[in-house]
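Structure first, commentary second.
Number of protein chains: 2
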Amino acid sequence: MIQRNVLNSDRHIVLMKYSSWFAGLDGVDSILISNGGENAIDKAFFYATGADEGIFEGSSVIVTPDSERARMYVYTLEEQSARKTSHDVIPAGSQAQMKENISRALKDKKRVGINFSSMTLEMYNDLRSVLPDTQFVDVSGNILNSRMIKTDDEIKRLREAARISSEALPSIIEHFKEGMTEKELAADIVYEMMKAGADGPSFESIVCFGSNASIPHHLPESRKLKRGDFVLMDYGAVYRRYCSDNTRTVVFGKAEEKQKEIYSIVYEAQKKAMDMIRDGVNGRDVNSKALEVIDDTEYRGKLMHGIGHGIGLEVHDHHALGSSDFTLRKGMAITDEPGIYIPGYGGVRIEDDLIVKEDGFSLITNQPSKDLIEVS
Amino acid sequence: MIQRNVLNSDRHIVLMKYSSWFAGLDGVDSILISNGGENAIDKAFFYATGADEGIFEGSSVIVTPDSERARMYVYTLEEQSARKTSHDVIPAGSQAQMKENISRALKDKKRVGINFSSMTLEMYNDLRSVLPDTQFVDVSGNILNSRMIKTDDEIKRLREAARISSEALPSIIEHFKEGMTEKELAADIVYEMMKAGADGPSFESIVCFGSNASIPHHLPESRKLKRGDFVLMDYGAVYRRYCSDNTRTVVFGKAEEKQKEIYSIVYEAQKKAMDMIRDGVNGRDVNSKALEVIDDTEYRGKLMHGIGHGIGLEVHDHHALGSSDFTLRKGMAITDEPGIYIPGYGGVRIEDDLIVKEDGFSLITNQPSKDLIEVS
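These protein sequence lines are chains A and B, in that order.
Our numbering puts the first sequence at residues 1 to 376.
Our numbering puts the second sequence at residues 1 to 376.
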């Protein structure tokens with residue numbers, strides 16, 4: 001019963017969002033959001049339905065601006081999961097029946113909104129084959145604008161995901177052991193997050209020992225932990241479909257001066273950037289601030305990625321700060337994650353999650369240490 | 001150094017595949033495979049490059065039928081990861097530079113192959129904006145045909161993924177404890193697989209206690225384990241990007257007769273279907289065989305999903321047996337997973353992974369028990 005109540009509350013939050021999806025779209029009174037296979041999942045499907053359970057490959061949802069409910073077109077396989085939401089459910093037993101159901105629902109519509117940022121060319125061609133006379137209109141911009149500003153319920157979930165991943169750190173560090181592999185530590189990270197309440201990891205954890213820490217997207221392998229190694233851990237939790245994403249870099253054993261120096265520069269870059277965050281600031285300026293701190297040192301040029309990105313139903317929920325020109329708005333959830341990477345030596349990244357507020361921000365991960373942690 | 005050797009061997013396997021991607025495509029001498037964001041990852045990118053490390057969002061690869069190497073278009077963020085492969089690497093520091101690089105590489109081509117099954121409408125529109133005069137041709141069928149038949153190297157990885165997930169079962173069962181939640185068991189499953197060598201879970205594990213076992217895609221929640229409960233666990237490992245996918249259903253405590261009966265029917269359905277598997281058989285007939293076994297009992301209609309699907313770089317790598325009309329071929333990797341689901345009571349699914357052979361199959365997960373396991 002608790003779950004049902006939660007879902008009801010989701011539905012009301014969802015309802016608020018539907019009407020904004022139609023903004024500026026002349027003559028469009030239906031939007032079709034379709035999931036593809038496992039690499040073409042449209043998170044907008046879950047945004048629109050609030051479904052807590054189910055995978056819904058090949059399922060669709062149709063929303064209208066004025067209705068109390070959405071219509072979920074699902075396979076019988078997931079009919080029970082769909083019925084746990086408060087939406088109308090139209091089950092199909094086969095692909096042919098699914099196409100027939102969608103076609104029947106939309107055949108009288110001249111213009112239908114779809115999500116260009118997720119629908120594949122193959123899905124689009126399939127859709128055109130059953131609705132040859134319909135004009136399809138891109139609603140990805142409207143959905144993105146809606147998803148960027150989080151509701152109170154979404155912020156609660158993001159806070160919980162952030163709490164889980166950042167509070168797991170002390171337990172994760174207890175697993176450190178000379179000679180352990182990056183993959184073993186990656187296993188411990190997922191385990192500690194799930195014990196703390198995560199539904200799962202929000203992405204395959206990045207665990208780098210020693211010089212591997214210079215590779216931003218290094219995936220854990222059999223490298224063994226040695227005294228004096230940097231340990232860079234970039235990982236996150238999923239809580240009720242919402243993601244956290246944090247990075248902590250520590251040293252196993254005694255840190256040398258250079259390690260401490262790099263850490264303190266990255267820490268300062270993160271802080272300086274963070275202090276700028278508030279409603280109305282351009283993400284590009286926040287990025288420039290972090291770059292400025294790093295490029296004023298001998299590590300000029302050693303940060304080669306954007307300073308952060310949106311988080312939400314996806315780990316990379318929207319634009320990266322730095323690579324896009326966009327204004328931070330109250331209710332956005334973003335990461336702040338500068339780094340310095342020195343091939344052959346190692347690297348440091350510090351990443352936190354925060355919610356943009358009118359006059360500042362709310363940090364939802366735990367505050368990182370100002371000084372580089374040395375794990376004895 | 002070990003990793004580099006492995007990657008070299010991947011490259012040779014990959015080379016074999018490129019030429020078949022061009023079969024029947026008149027005037028096409030370049031194929032562009034582009035990754036989108038985290039929900040628009042094209043696994044064909046990893047198939048084409050053999051890259052063991054890296055995420056490569058927004059990266060592309062261009063292959064030609066006659067070249068010794070592919071060309072990887074990546075962001076500087078992942079340049080180091082890309083250079084661990086044996087391909088040519090063209091790094092970009094910004095989206096504008098990435099577009100410029102791709103456009104320069106393809107501007108003299110009249111026709112270019114792309115993967116319709118993965119490219120989104122947004123990516124396609126972006127591509128058309130920089131290459132307005134190019135005709136884009138769908139190569140998804142050729143890539144699918146190539147990916148369906150696994151090479152020896154792919155089979156080795158699939159076998160290892162299957163070994164990891166199925167051999168983890170006894171350790172997973174040791175965690176069973178009255179009152180534990182589905183989520184806690186899900187954490188144990190991932191942990192045991194990763195300790196056994198998995199790079200991660202191949203999907204969010206399905207863990208169902210008691211009546212939840214009637215929901216095929218139920219995601220673990222706070223339901224507590226009770227004596228007499230069905231425990232349905234559907235989970236898999238990733239090993240060097242390749243997936244396993246197996247389901248085991250056991251009873252915590254003493255099973256009642258009805259539980260044993262349902263299990264034995266599902267077991268028989270799985271076996272009967274499996275016995276049909278060999279090169280040349282239609283997947284639909286294998287599916288019908290399993291359905292026939294179940295529909296001959298009082299549980300008629302209680303299997304409402306296909307009997308299996310391809311596995312590989314994706315958990316659902318290609319067509320489902322049953323919903324598609326296709327012929328099993330030597331070298332395909334598929335699952336065999338019938339089930340019976342009774343809302344309000346529970347359900348049983350038994351799932352194994354196998355490689356299709358000329359005259360039969362090779363089971364790569366551990367043989368399930370003929371009798372329902374009762375965990376004391």
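Just so it is clear, CB atoms sit at the ideal spot from N, CA and C, and this is done for glycine as well.
Inter-residue Cα distance where the pair is residue i and residue j
i	j	result
residue 47 of chain A	residue 82 of chain A	14 angstroms
residue 116 of chain A	residue 44 of chain A	11 angstroms
residue 276 of chain B	residue 364 of chain B	17 angstroms
residue 321 of chain A	residue 347 of chain A	21 angstroms
residue 356 of chain B	residue 33 of chain B	28 angstroms
residue 234 of chain B	residue 63 of chain A	32 angstroms
residue 227 of chain B	residue 66 of chain A	48 angstroms
residue 20 of chain B	residue 349 of chain B	37 angstroms
residue 18 of chain B	residue 108 of chain B	21 angstroms
residue 74 of chain B	residue 131 of chain B	19 angstroms
residue 3 of chain B	residue 241 of chain B	For residue 3 of chain B, the predicted structure reports a pLDDT of 23, less than 50, and the residue's modelled location is therefore unreliable. A value from the coordinates is still provided. The alpha-carbon atoms of residue 3 of chain B and residue 241 of chain B are separated by roughly 14 angstroms.
residue 156 of chain A	residue 177 of chain A	35 angstroms
residue 239 of chain B	residue 86 of chain B	21 angstroms
residue 57 of chain B	residue 39 of chain B	10 angstroms
residue 14 of chain A	residue 315 of chain A	The pLDDT assigned to residue 14 of chain A is 46, lower than 50, so where the model puts this residue is not dependable; a value taken from the coordinates is nonetheless given after this. Cα to Cα, residue 14 of chain A sits roughly 20 angstroms from residue 315 of chain A.
residue 200 of chain A	residue 237 of chain A	6 angstroms
residue 230 of chain A	residue 148 of chain A	34 angstroms
residue 209 of chain A	residue 72 of chain B	26 angstroms
residue 127 of chain B	residue 119 of chain A	15 angstroms
residue 206 of chain A	residue 216 of chain A	8 angstroms
residue 269 of chain A	residue 172 of chain A	26 angstroms
Reference residue i, options the options, closest by Cα
i	options	result
residue 137 of chain A	A:42, A:110 and A:49	A:110
residue 339 of chain A	A:302, A:235, A:317 and A:313	A:302
residue 195 of chain B	A:195, A:190 and A:197	A:190
residue 197 of chain A	B:220, B:200 and B:208	B:220
residue 184 of chain A	B:102, B:183 and B:192	B:192
residue 248 of chain B	B:312, B:222, B:169 and B:282	B:169
residue 93 of chain A	A:374, A:269, A:76 and A:152	A:76
residue 376 of chain B	B:26, B:251 and B:104	B:251
residue 112 of chain B	B:158, B:318 and B:26	B:26
Under 9 angstroms by beta carbon: chain B residues contacting residue i
i	result
residue 190 of chain A	187, 190, 191, 194, 200 and 201
residue 382 of chain A	The requested residue 382 of chain A does not occur in the structure, where chain A is confined to residues 1 to 376.
Listed by chain order, chain B residues near residue i by CB distance under 8 angstroms
i	result
residue 144 of chain A	The premise fails here: residue 144 of chain A is roughly 11 angstroms from chain B at the closest Cβ pair, so nothing lies under 8 angstroms.
residue 231 of chain A	None at all; the shortest Cβ gap to chain B is about 17 angstroms.
residue 45 of chain A	Ordered by position in chain B, no residue passes the 8 angstroms Cβ test against residue 45 of chain A, which lies about 10 angstroms from the chain.
residue 41 of chain A	39
Residue i: contacting residues in chain A (beta-carbon distance under 7 angstroms)
i	result
residue 113 of chain B	Going along chain A, no residue has its Cβ under 7 angstroms from residue 113 of chain B, so there is no contact; the nearest lies around 12 angstroms.
residue 87 of chain B	Result: empty, since nearest Cβ-Cβ is about 17 angstroms, beyond 7 angstroms.
Span of the beta strand (DSSP E) around residue i
i	result
residue 135 of chain A	135–138
residue 235 of chain B	230–235
residue 123 of chain A	That residue, residue 123 of chain A, is in no beta strand (DSSP E); its alpha helix (DSSP H) goes 121–130.
residue 248 of chain B	246–252
residue 153 of chain A	Taken as a continuous stretch (DSSP letters only), residue 153 of chain A belongs to no beta strand (DSSP E), being part of the alpha helix (DSSP H) at 152–167.
residue 207 of chain B	206–209
For residue i, the residue or residues it bridges with in DSSP
i	result
residue 354 of chain B	B:334 and B:363
residue 63 of chain A	A:31
residue 342 of chain A	A:346
residue 224 of chain B	B:181
residue 374 of chain B	B:251
residue 72 of chain B	B:61 and B:89
residue 318 of chain B	Note: residue 318 of chain B sits in no beta bridge, so no partner.
residue 201 of chain A	A:237
residue 324 of chain B	B:321
residue 309 of chain A	A:320
Residue interval of the alpha helix (DSSP H) (run including residue i)
i	result
residue 283 of chain B	283–295
residue 96 of chain B	95–106
residue 116 of chain B	Premise fails: residue 116 of chain B is in no alpha helix (DSSP H) and is neither H nor E.
residue 45 of chain A	43–49
residue 260 of chain B	257–276
residue 241 of chain B	Taken as a continuous stretch (DSSP letters only), residue 241 of chain B belongs to no alpha helix (DSSP H), as it is neither H nor E.
residue 82 of chain A	79–83
Amino acids of chain A, ordered along the chain, whose beta-carbon sits closer than 9 angstroms to that of residue i
i	result
residue 315 of chain B	38
residue 53 of chain B	215, 217, 218, 219 and 221
Under 8 angstroms from the C-beta of residue i: neighbouring residues of chain A
i	result
residue 116 of chain B	120, 121, 122 and 125
residue 81 of chain B	215, 217 and 218
Near the ligand PLP: residue i beta-carbon under 7 angstroms from a heavy atom
i	result
residue 36 of chain B	By its list of ligands, the structure shown contains no ligand whatsoever, and the ligand PLP lies outside what it can speak to.
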